[in-house]
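One structure is given below, encoded as structure tokens.
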Amino acid sequence: MKYLIAGKENEKTVLLLPGTCCTSELNFGKIVPLLARKYKVICVDYDGFDGKPGEFTTMTDTTRKIERYIIKRCGGRVFAAYGSSLGGSFVGLLIQRGNVHIRHGFIGSSDLDQSGKFAAKIETAIIALVIGLLLKKGTIPKWAVNVMKKKMGEEVTEKYMDFMNGFIASAGSASMKSVRNQFYSDLITPLNKHIGVEDTTVHIFYALKMGEKYRERYLEHFAAPDIREQNYGHEELLFFEPEKWFEEFEACVSEKNDKQELL
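Heads up: the sequence shown begins at 3 in the working numbering, then just goes up one per residue.
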């Protein structure tokens, strides 16, 4: 595991947890400078994706390591934790387990998919095959790019292509064992229903274009979450509109909003 620190040492701590097969630089490179003006920022790179020897093992093992770091380096508390996609599962697990305290937990476009072991093995095999072919080719197939252009337009497609090139580099630096372990473990690690902890607010950055079923899923897993509807696709606000993302983050954690939540 690797922890990258930026910003103001003595200010409130914001923990950033990246998505599947991603590094913190790929997911959060555009927002760290914005957060660092005001907060102490800690970016996490998971085992297997941190440029060091070793493999990603399980969600539970990784959660324990993050907890140990927070206890040792942050006194067991962080002001905010933002999890992008897979990272949102970690935020949920950290809150659920109750070994550290998070004042504001953010779920960033996370699908929170869960399945049994047999189905998870099949899904993981399919995903590993797709990623393996993508890494072998080193680029997105032309037919896929053309489909994206028709559905999303040229400008948005170009933004996605820039991200996907970074994703290919990020996933390509890891072993396929780490890729498979991460997908599989995320699918089979239970996330409780109606998670709620005193003095913790869960904010959902809900990308409406992902579909209505995700709203139902968020309400299933979290008690009284603050659902922030955004007319975007999966993590488009984070990846493509960093200034707007920062404004939304600040609105969630503002002192005025904080006091209202505690009433």
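Note that the Cβ used here is the ideal one computed from N, Cα and C, for glycine as well. This structure is a prediction, so every number in the text was calculated from the model and none was measured.
Within 10 angstroms of the beta-carbon of T126 lie 16 or more other beta-carbons, which makes it buried.
Here the segment 102-113 lies against the segment 240-255, with 3 or more beta-carbon pairs under 8 Å apart.
Of K153, L19, M163, I170, the smallest CA-CA separation from I72 is found for L19. The three-state reading of DSSP puts K42 in strand, counting E and B together.
Taken in chain order, the unbroken stretches of beta strand (DSSP E) that lie wholly in the segment 67-91 and span 3 residues or more are 79-86. Between S187 and the set L6, C23, K10, E249, the nearest pair of CA atoms involves C23. Each residue's CA atom was taken as its position, placing T65 and F92 some 6 Å apart.
For T202, the closest C-alpha among the options G100, Y5, K4, K123 is that of G100.
The continuous stretches of beta strand (DSSP E) do not include L240, which lies in the alpha helix (DSSP H) extending over residues 238-242. Just so you know, the alpha carbons of G155 and L28 end up roughly 23 Å apart. Beyond the five residues adjoining it in sequence on each side, Q232 comes within less than 7 Å, by CB distance, of F207, Y208, A209, L210, L239 in the same chain, given in chain order.
In the three-state scheme derived from DSSP, where H, G and I count as helix and E and B as strand, E11 is classed as coil. Of V158, G140, K67, the smallest CA-CA separation from G168 is found for G140. Considering only M163, G90, A171, T59, the residue with the shortest C-alpha distance to K138 is A171. Selection R70, S86, L88, K215 evaluated against V80 yields R70 as nearest (Cα-Cα). Under the DSSP assignment, G174 falls in the alpha helix (DSSP H) whose first and last residues are 156-174. By the 16-neighbour rule on beta-carbons within 10 angstroms, K119 is exposed.
Note on geometry: alpha-carbon atoms of V199 and Q116 lie some 22 Å from one another.
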